[in-house]
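In what follows, a structure is listed as structure tokens, so that the remarks can point back to it.
2 protein chains.
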Amino acid sequence: MKLIEARQQFISSWGAFGTHWGINRTMAQIHALLLTSPDPLTQDDIMEELDISRGNTNMNIRELINWGLVERVLIPGERKEFFTAEKDIWKVVKQIVKERKKRELEPMLQLLDKLENVEGDKRDKHVKTFIDTVAGIKKLGRQADKSLDVLIKAEENWFMGTMMKFFK
Amino acid sequence: MKLIEARQQFISSWGAFGTHWGINRTMAQIHALLLTSPDPLTQDDIMEELDISRGNTNMNIRELINWGLVERVLIPGERKEFFTAEKDIWKVVKQIVKERKKRELEPMLQLLDKLENVEGDKRDKHVKTFIDTVAGIKKLGRQADKSLDVLIKAEENWFMGTMMKFFK
DNA sequence: TCGAAACTTCAAAATTTATTGAAAGTTTGG
DNA sequence: CCAAACTTTCAATAAATTTTGAAGTTTCGA
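Protein chains in written order, with numbering that gives the first Met the number 0: chain B, 0 to 167; chain E, 0 to 167.
Here's what the structure looks like:
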């Protein structure tokens, strides 16, 4: 398979993959493009490669920067801004975990705390089922939260090495 | 907070939560409704509680059954079918991990295997960056795949207990 | 300070995804 | 076997999301 073809397939699959994870297709494709690009690209490069509009490109680059996955690069003597993606996949994973934890897991845990204090008699099976379900999710959620904190701080070699050894 | 209100909030939040994870709102809401329901419900109960159409309800129940999160229950003397959700959250998590691994991670790894065999000279930095990126994702992906296999087979107490102790 | 290049914004349009509801299909009990 | 009760399907519709592109703003060099 030729590079051009392989790269296109990677970009397109990464985009489709992203949509299963609540990330929009274009954002994932821009990320894939930058991940496989040896040098930083300009907004115009990205527009052209992916055949998307200026506005769309701009918005999604900005969003990738918010996620900490892409950064602006200034190239001396160039007026335009260039963009580059973090290539160390372990760092990428940690960054995504960190953001999603903050944006999704933590608010959910806060909500569950509130919901657990529902009024009513636990002898009522409706009340009991509700409280037990919420408590169960909360317990697992808190454990996951702590485990993810460790992952976020860990070095790849240590974390993965230990995981593999540990779980044989 | 009253039960009715708390439950509505739970259902609605679970639905919103689902949309960030590639699960449609209604499917997540039906799941939340069943999770917090002490007894099995019929399709009509679900339609009424969530105020959605018969077709929509039916499709999403079927999808939840495909995911292994909900099952049909036959109640003696009743003509209608009843549905109930697995209440053990650890089992729910394992089931979701198992399905997503199969549906998403495994196909992605297969693709990466193929893409890594791109033609070309590694001294070309475009080729090199592409191969290195793909290889990096693949390596981490394979490790994640194995770790998830362990999780899927594990008991909650063992797994979470070890995680917490281990990572202190 | 000005002008052009670069960047950002956002309302409207296009696309994608979810939902409805009526028709077709099944199952069950008499 | 028939009719009633229930379930499933799917084309049409509605809703949500993404994309566009042109107008507006900022930045930089001369």
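From the three backbone atoms N, C-alpha and C, an ideal C-beta is built for every residue, glycine too. Predicted, not measured: the structure shown is a model, and the values here were computed from it.
>> Using the three-state DSSP reduction, which class does valine 69 of chain E fall into: helix, strand or coil?
In response: Reading the second sequence from its first residue, position 70 is the one you call residue 69 of chain E. Strand.
> Is the CB of threonine 83 of chain B under 7 Å away from at least one CB in chain E?
Replying inline: Here residue 83 of chain B is taken as the residue at index 84 of the first sequence, counted from 1. Not one beta carbon of chain E lies nearer than 7 Å to the beta carbon of threonine 83 of chain B.
> Quick one: which chain B residues come within Cβ less than 9 Å of tryptophan 89 of chain E?
Replying inline: Counting from one through the second sequence, the residue named residue 89 of chain E turns up at place 90. Those within 9 Å of tryptophan 89 of chain E in chain B are Gly135, Leu139.
> Which whole-angstrom value describes the C-beta separation of leucine 33 of chain B and valine 91 of chain B, a residue pair presumed to lie in contact below a C-beta threshold of 8 Å?
Replying inline: For the purposes of this step, residue 33 of chain B is identified with residue 34 of the first sequence, where counting begins at 1. For the purposes of this step, residue 91 of chain B is identified with residue 92 of the first sequence, where counting begins at 1. With a Cβ gap of about 11 Å, leucine 33 of chain B and valine 91 of chain B do not count as contacting.
> To which residues of the same chain is glutamate 80 of chain B closer than 8 Å at the C-beta, ignoring the five residues directly before and after it?
Replying inline: Walking along the first sequence from the start, residue 80 of chain B turns up at place 81. The answer, listed in chain order, is Thr41, Gln42, Arg71, Val72, Leu73.
> Who are the Cβ neighbours of arginine 6 of chain B in its own chain at under 7 Å, not counting the five residues just before and after it?
Replying inline: The residue you call residue 6 of chain B lines up with position 7 of the first sequence. Only Thr35 meet the Cβ criterion.
>> Can you list, in chain order, the residues of its chain with a C-beta nearer than 6 Å to that of threonine 56 of chain B? Leave out the 5 residues immediately preceding and following it.
In response: By 1-based counting over the first sequence, the position of residue 56 of chain B is 57. Listed in chain order, the non-local C-beta contacts of threonine 56 of chain B below 6 Å within the same chain comprise Gln42, Ile45, Met46, local neighbours out to five positions each way being set aside.
> Do we get a CB-CB distance below 7 Å when we pair alanine 27 of chain B with the residues of chain E?
Replying inline: Looking up residue 27 of chain B in the first sequence gives position 28. So, not an interface residue.
> Should the segment 146-153 of chain E be regarded as contacting the segment 92-110 of chain B, the criterion being three or more beta carbon pairs within less than 8 Å?
Replying inline: Verdict: no, contact absent.
> Does DSSP put alanine 31 of chain B in a helix, in a strand, or in coil?
Replying inline: Here residue 31 of chain B corresponds to residue number 32 of the first sequence, with the count starting at 1. Helix, per DSSP.
> Using the beta-carbon of each residue, which ones in chain E are nearer than 9 Å to arginine 6 of chain B?
Replying inline: Within the first sequence, the letter at position 7 stands for residue 6 of chain B. Going along chain E in sequence order, the residues near arginine 6 of chain B (Cβ under 9 Å) are Leu114, Val117, His125, Phe129.
> Leaving out the 5 sequence neighbours to the left and right, which residues in its chain are closer than 7 Å to lysine 97 of chain B when beta-carbon positions are compared?
Replying inline: The residue labelled residue 97 of chain B in the question sits at position 98 within the first sequence. Once the five neighbours on either side are set aside, the close Cβ partners of lysine 97 of chain B are Ile151.
>> Spatial neighbours of lysine 52 of chain B within its chain, please: C-beta separation below 8 Å, excluding the five flanking residues on both sides.
In response: Working through the first sequence from its first residue, we reach residue 52 of chain B at position 53. For the sequence presented, residue 52 of chain B should be read as serine rather than lysine. For serine 52 of chain B, where only same-chain residues beyond five positions count, the Cβ hits under 8 Å are Met46.
> Unbroken alpha helix (DSSP H) runs of length 4 or more, entirely within the segment 93-143 of chain E: which are they?
Replying inline: Uninterrupted alpha helix (DSSP H) stretches at least 4 residues long and entirely within the segment 93-143 of chain E occur at 105-115, given in chain order.
> At what residues does the beta strand (DSSP E) containing alanine 153 of chain B begin and finish?
Replying inline: Here residue 153 of chain B refers to the residue found at position 154 when the first sequence is read from its first residue. Taken as a continuous stretch (DSSP letters only), alanine 153 of chain B belongs to no beta strand (DSSP E), as it is neither H nor E.
>> At the level of alpha carbons, what is the spacing between glutamate 4 of chain E and tryptophan 13 of chain B?
In response: For this step, residue 4 of chain E is matched to residue 5 along the second sequence. For this step, residue 13 of chain B is matched to residue 14 along the first sequence. Their backbone Cα atoms lie some 40 Å apart in a straight line.
>> Rounded to the nearest angstrom, what separates threonine 25 of chain B and threonine 18 of chain B at their Cα positions?
In response: Along the first sequence, one-based indexing puts residue 25 of chain B at 26. Along the first sequence, one-based indexing puts residue 18 of chain B at 19. The alpha-carbon atoms of threonine 25 of chain B and threonine 18 of chain B are separated by roughly 9 Å.
> Between the segment 96-109 of chain E and chain B, which residues of the former have CB atoms less than 7 Å from a CB of the latter, in chain order?
Replying inline: Those residues of the segment 96-109 of chain E placed with their C-beta closer than 7 Å to a C-beta in chain B are Glu103, Met107, ordered along the chain.
> For chain B, is any of its Cβ atoms less than 7 Å away from the one on glycine 67 of chain E?
Replying inline: For the purposes of this step, residue 67 of chain E is taken as the residue at position 68 of the second sequence. By the rule that beta-carbons nearer than 7 Å mark a contact, glycine 67 of chain E does not touch chain B.
> Is it true that the CB of glycine 21 of chain B sits closer than 7 Å to the CB of tryptophan 66 of chain E?
Replying inline: Counting from one through the second sequence, the residue named residue 66 of chain E turns up at place 67. Counting from one through the first sequence, the residue named residue 21 of chain B turns up at place 22. Not closer than 7 Å, so no.
>> Can you confirm whether glycine 21 of chain E, when its beta carbon is compared against all beta carbons of chain B, has any partner nearer than 7 Å?
In response: For the purposes of this step, residue 21 of chain E is taken as residue 22 along the second sequence, with counting starting at 1. True, the Cβ-Cβ gap to chain B drops below 7 Å.
> Taking Cβ-Cβ distances shorter than 9 Å, what residues in chain B pair up with methionine 0 of chain E?
Replying inline: Here residue 0 of chain E is taken as the residue at index 1 of the second sequence, counted from 1. Within chain B, the residues Lys113, Leu114, Asn116, Val117, Glu118 have their CB atoms less than 9 Å from the CB of methionine 0 of chain E, given in chain order.
>> Comparing C-alpha positions only, which one of E:Thr132, E:Arg122, E:Lys101, E:Arg99 sits nearest to glutamate 115 of chain E?
In response: Translated into positions along the second sequence, residue 115 of chain E becomes position 116. Sorting E:Thr132, E:Arg122, E:Lys101, E:Arg99 by C-alpha distance to the C-alpha of glutamate 115 of chain E places E:Thr132 at the top.
>> Counting only beta-carbon separations shorter than 7 Å, does proline 75 of chain E have a partner in chain B?
In response: Looking up residue 75 of chain E in the second sequence gives position 76. Not closer than 7 Å to any Cβ of chain B, the Cβ of proline 75 of chain E fails to qualify, so no.
> How big is the Cα-Cα spacing for lysine 101 of chain E and isoleucine 10 of chain B?
Replying inline: Looking up residue 101 of chain E in the second sequence gives position 102. Looking up residue 10 of chain B in the first sequence gives position 11. The straight-line gap from Cα to Cα measures roughly 21 Å.
>> Counting only Cβ pairs nearer than 7 Å, list the residues of chain E close to methionine 159 of chain B.
In response: One-based indexing of the first sequence puts residue 159 of chain B at position 160. Chain E residues near methionine 159 of chain B: Gln142.
> What residue does the alpha helix (DSSP H) around glutamate 47 of chain B start on, and which one ends it?
Replying inline: Start at 1 with the first residue of the first sequence, and residue 47 of chain B comes out as number 48. Glutamate 47 of chain B: member of the alpha helix (DSSP H) spanning 42-49, first to last residue.
> Quick one: is proline 37 of chain B near chain E, going by C-beta distance under 7 Å?
Replying inline: Residue numbering aside, residue 37 of chain B sits at position 38 when the first sequence is read from its first letter. Chain E contact via Cβ: present.
>> Using a 10 Å radius around the Cβ and a threshold of 16 neighbouring Cβ atoms, would you call lysine 93 of chain E buried or exposed?
In response: Numbered from 1 along the second sequence, position 94 holds the residue referred to as residue 93 of chain E. Around the Cβ of lysine 93 of chain E, a 10 Å sphere holds 16 or more other Cβ atoms; the residue is buried.
> Using the C-alpha atoms, what's the distance from glutamate 85 of chain B back to isoleucine 95 of chain B?
Replying inline: Numbered from 1 along the first sequence, position 96 holds the residue referred to as residue 95 of chain B. Numbered from 1 along the first sequence, position 86 holds the residue referred to as residue 85 of chain B. For the pair isoleucine 95 of chain B and glutamate 85 of chain B, the Cα-to-Cα distance works out to about 12 Å.
> Since leucine 34 of chain B meets chain E, which of its residues come closer than 8 Å, beta carbon to beta carbon?
Replying inline: For the purposes of this step, residue 34 of chain B is taken as the residue at position 35 of the first sequence. Within chain E, the residues near leucine 34 of chain B are Thr132.
>> Report the CB separation of leucine 2 of chain E from isoleucine 29 of chain E in whole angstroms; it is logged as a contact under 8 Å.
In response: Working through the second sequence from its first residue, we reach residue 2 of chain E at position 3. Working through the second sequence from its first residue, we reach residue 29 of chain E at position 30. Wrong, their Cβ atoms sit about 19 Å apart, outside the cutoff.
>> Cutting at 6 Å between CB atoms, please list the residues of its own chain near leucine 110 of chain B, excluding the five before and the five after it.
In response: Reading the first sequence from its first residue, position 111 is the one you call residue 110 of chain B. Closer than 6 Å at Cβ, skipping near neighbours: no residue.
> Shorter than 7 Å from the beta carbon of serine 146 of chain B to some beta carbon of chain E?
Replying inline: Position 147 of the first sequence, counted from the start, is the residue given in the question as residue 146 of chain B. With 7 Å as the cut-off, serine 146 of chain B counts as an interface residue toward chain E.
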